[in-house]
Amino acid sequence: MFPERFSNLPAYAFPRLRSLLDAHAPGGEVVHMTIGEPKHAFPPFVMDVIARHAEGFGQYPVNEGHEGLLAAICGWVQRRYGVELEPGQVMALNGTREGLYNAMMALCPETKGGAVPKVLLPNPFYQVYMVASLSVGAEPVFLPATRETGYLPDFSAVSEDVLNRVAVVYLCSPSNPQGAVASRAYWRELIGLAERYDFKVFADECYSEIYRGEAPAGAMQVAREMGADPERVVIFHSLSKRSNLPGLRSGFVAGGPETIRRMRQLRAYAGAPLPMPLQYAAEAAWLDEGHVAENRRLYQEKYARADQIMRGVPGYQGPEAGFFLWLPVEDGETAALRLWQETGVRVLPGAYLSKETRGTSPGHGYIRVAMVAPTEEMAHGLTRLRDCLYK
Numbered sequence: 001m002f003p004e005r006f007s008n009l010p011a012y013a014f015p016r017l018r019s020l021l022d023a024h025a026p027g028g029e030v031v032h033m034t035i036g037e038p039k040h041a042f043p044p045f046v047m048d049v050i051a052r053h054a055e056g057f058g059q060y061p062v063n064e065g066h067e068g069l070l071a072a073i074c075g076w077v078q079r080r081y082g083v084e085l086e087p088g089q090v091m092a093l094n095g096t097r098e099g100l101y102n103a104m105m106a107l108c109p110e111t112k113g114g115a116v117p118k119v120l121l122p123n124p125f126y127q128v129y130m131v132a133s134l135s136v137g138a139e140p141v142f143l144p145a146t147r148e149t150g151y152l153p154d155f156s157a158v159s160e161d162v163l164n165r166v167a168v169v170y171l172c173s174p175s176n177p178q179g180a181v182a183s184r185a186y187w188r189e190l191i192g193l194a195e196r197y198d199f200k201v202f203a204d205e206c207y208s209e210i211y212r213g214e215a216p217a218g219a220m221q222v223a224r225e226m227g228a229d230p231e232r233v234v235i236f237h238s239l240s241k242r243s244n245l246p247g248l249r250s251g252f253v254a255g256g257p258e259t260i261r262r263m264r265q266l267r268a269y270a271g272a273p274l275p276m277p278l279q280y281a282a283e284a285a286w287l288d289e290g291h292v293a294e295n296r297r298l299y300q301e302k303y304a305r306a307d308q309i310m311r312g313v314p315g316y317q318g319p320e321a322g323f324f325l326w327l328p329v330e331d332g333e334t335a336a337l338r339l340w341q342e343t344g345v346r347v348l349p350g351a352y353l354s355k356e357t358r359g360t361s362p363g364h365g366y367i368r369v370a371m372v373a374p375t376e377e378m379a380h381g382l383t384r385l386r387d388c389l390y391k
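Residue 1 is where the sequence shown starts when you use the UniProt record's numbering, and the numbers rise one by one after that.
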């Protein structure tokens, strides 16, 4: 029998979008601006590495990641955040969604304060956060991430009664969909609460290498500066956005030794390790920064182009990081359908990424627009969008 706690799950965003749009003909040449699938070139050496190690498809892969891959990840964390990790504090993932889900399975307690544990989520949110929480019988608590809160949750507004029952907080920085970045002060406040109320912070940092100005601070970096419990913060990273390799399905989780021991133990029974040729390709990608800098430069060009096209649009705010625009409209579904029928530009209603609480959804008055296409195609789509919805 399907567990009752899953009975009221909303439809996943993209099937829901197809139901909204696909019965209607596009009003022009189709421009896809919905899914965040990177379209820039991935590093040219990846195919050569896979070919050199192709015989590895004939063997079972190392479950937690082979020695060279873990060393490359530790080296990257040291260079990027100044944090030294041992290989036992890292595990390779078959895509970070696996880690974000299985971290709850491995680390969330059955009770907190004698009751069902609570999990704090940003709203809008990546839907695996909610499903992972429900899977372990925890209670997700949705914190609005709105313009008024800087598009990040306001943890100071959470009551002490709730905090006493919190087991885990999910936070995405840079955030999806708004592109907001948690400052060092913001991370300090959250990690301080985690220390005081004894909960874990799951930091989803998959967009960390795509930004306008300064590199975003990292959760583990700030936790080390604070002298926090090494088991307090768990970070998740991916090659999907950093290296334009979404199909490689390669990421990692890092945390305290006990955190990773428990996640490795679960992976031994329930995980899907990365094939060895792909592990070698991931190792090479983590060791190289040249392609990452070029990728970031291309997105910075897109930020500037989007700012130019959308200048004067009421409420427009370009993202600090990531590759989505979070555009204000009166109603996201109405705007997405109109845009499709009149122009052929395909975008995602913001409500499909958020949860309605107390009769309102923080995503209702927005559309999410992915800036992953080549610059001229993106600019063409944004111009049609602007002229349709804002003139």
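Positions of the beta carbon are idealized from the N, C-alpha and C atoms, including for glycine.
Assigned secondary structure, residue i (DSSP; H/G/I helix, E/B strand, else coil)
i	result
residue 191	helix
residue 371	coil
residue 391	coil
residue 246	helix
residue 251	strand
residue 207	coil
residue 296	helix
residue 152	coil
residue 329	coil
residue 214	coil
residue 234	strand
residue 30	coil
residue 311	coil
residue 181	coil
residue 14	helix
residue 197	helix
residue 376	helix
residue 25	coil
residue 41	coil
residue 303	helix
Residue i versus residue j: straight-line alpha-carbon distance, rounded
i	j	result
residue 54	residue 277	6 Å
residue 20	residue 349	10 Å
residue 394	residue 382	The question about residue 394 has no answer, for the chain in this structure spans 1 to 391.
residue 14	residue 127	12 Å
residue 267	residue 63	7 Å
residue 84	residue 76	10 Å
residue 1	residue 204	Only weak support exists for where residue 1 lies, its pLDDT of 44 falling under 50; the coordinates are left without a value.
residue 198	residue 167	7 Å
residue 17	residue 65	36 Å
residue 71	residue 105	26 Å
residue 378	residue 33	8 Å
residue 344	residue 174	29 Å
residue 304	residue 132	37 Å
residue 91	residue 231	15 Å
residue 394	residue 291	The structure shown does not extend to residue 394, since the chain spans only 1 to 391, so no value can be given for it.
residue 329	residue 189	32 Å
residue 256	residue 201	12 Å
residue 156	residue 179	21 Å
Enclosing beta strand (DSSP E) for residue i [first to last residue]
i	result
residue 200	200–204
residue 62	Premise fails: residue 62 is in no beta strand (DSSP E) and is neither H nor E.
residue 45	No beta strand (DSSP E) contains residue 45, which is instead part of the alpha helix (DSSP H) from 45–52.
residue 353	Unbroken run through residue 353: none, as it is neither H nor E.
residue 160	No beta strand (DSSP E) contains residue 160, which is instead part of the alpha helix (DSSP H) from 160–163.
residue 144	139–144
Residue i at chain D interface by Cβ criterion, 8 Å
i	result
residue 340	No chain D appears in this structure, which consists of one protein chain only.
Beta-carbon separation (whole angstroms), residue i vs residue j, contact threshold 8 Å
i	j	result
residue 36	residue 324	7 Å
residue 38	residue 244	4 Å
residue 184	residue 217	5 Å
residue 341	residue 24	5 Å
residue 363	residue 351	5 Å
residue 123	residue 271	So it is not a contact: roughly 29 Å between Cβ atoms.
Boundaries (first-last residue) of the alpha helix (DSSP H) holding residue i
i	result
residue 167	Run containing residue 167: none in the alpha helix (DSSP H); it sits in the beta strand (DSSP E), 166–172.
residue 226	219–226
residue 129	127–135
- Length at least 4, wholly inside the region 253–281: the alpha helix (DSSP H) runs in chain order: Counting only runs of 4 or more, we get 257–270.
- Task: Jot down the residue ranges of each uninterrupted alpha helix (DSSP H) in the region 81–123, minimum 4 residues, whole runs only, in chain order.
- Result: Fully enclosed alpha helix (DSSP H) runs of 4 or longer: 96–107.
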